[in-house]
Amino acid sequence: MPIRYLKKHAALEGVVSAEEAEALSNWIRERRQPAVHLGRCDQVHSAVLQVLLALKPRIVAAPSERWLAQTLAAST
Numbered sequence: 001m002p003i004r005y006l007k008k009h010a011a012l013e014g015v016v017s018a019e020e021a022e023a024l025s026n027w028i029r030e031r032r033q034p035a036v037h038l039g040r041c042d043q044v045h046s047a048v049l050q051v052l053l054a055l056k057p058r059i060v061a062a063p064s065e066r067w068l069a070q071t072l073a074a075s076t
C-alpha cells in the first residue's frame with residue numbers, strides 16, 4: 001500500500017503510482033490542515049507530484065530523493 005491515511009497525515013511510501021493521485025487529492029481537500037509524510041517515499045508519479053504541488057499540504061518529513069525534496073521545498 002503506497003499511501004497510508006492516518007489521523008494526522010498521509011504517509012507516502014515506496015513507489016506511488018498515478019492510480020493514487022485522485023484519492024490523495026480528495027483526502028487533502030477534505031482536511032482543514034492536510035499534511036503528508038514523504039520520509040519513506042522513493043518515487044512518485046508525475047500525477048501525484050502535481051497534486052502535491054497544486055494543493056500544497058504541509059510536508060511532515062521530506063523525501064530522501066534530492067530532486068523531489070528540492071522541488072517540493074521550492075513550491076512552498
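Count the sequence shown with our numbering and you get residues 1 to 76, in order. Glycine included, every Cβ here is placed at the ideal spot set by N, Cα and C.
query, result
"Which of helix, strand or coil DSSP assigns to residue 29", "helix"
"Span separating the alpha-carbon of residue 75 from that of residue 50", "11 Å"
"Buried or exposed by the 16-neighbour rule on C-beta atoms within 10 Å, applied to residue 44", "buried"
"Close-in-space but distant-in-sequence residues of the same chain around residue 4 (CB under 8 Å, 5 per side omitted)", "10, 11 and 13"
"DSSP state of residue 62 mapped onto helix, strand, coil", "coil"
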